[in-house]
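> Using my numbering, the first residue of the sequence shown is number 10, and each one after it goes up by one. Idealized CB from N, CA, C, for every residue including glycine. Only a predicted model underlies this, so the values are computations on that prediction, with no experimental measurement involved.
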Amino acid sequence: MPTSQPDSSSPSDDRATPDTLLHTGSEGPVTAEDMVLAAGRDLSPKNLAWAERRLREDGPTAIERLLP
């Protein structure tokens, strides 16, 4: 009785995600809205000003300090 082989084109639960697909998002543009939402805050003028200040000071890597 032949056993079925999994289709090699389908995703497998026992394979690790390649490093090239893992990222935090700081490779692309980060907006003040992104910062506010990553911090779990409401989108208010005060919080947007905070995020804009952080982005000016730390650049796009500022969001990485908020992400686990």
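Rounded to whole angstroms, what's the CA-CA distance from ALA41 to ALA71? Just pull it up for me.
Going from the Cα of ALA41 to the Cα of ALA71 covers about 10 angstroms.
> Within the same chain, show all residues whose beta-carbon is closer than 8 angstroms to that of LEU57, passing over the 5 residues directly before and after it, in chain order.
ALA41, GLU42 and VAL45, listed in sequence order.
> Hey, how far is the Cα of ARG74 from the Cα of ARG50?
Going from the Cα of ARG74 to the Cα of ARG50 covers about 15 angstroms.
> Beta-carbon within less than 8 angstroms of ALA47's beta-carbon, same chain only, minus the 5 sequence neighbours each way: which residues are those?
Excluding positions up to five away in sequence, the list reads ILE72, LEU75 and LEU76.
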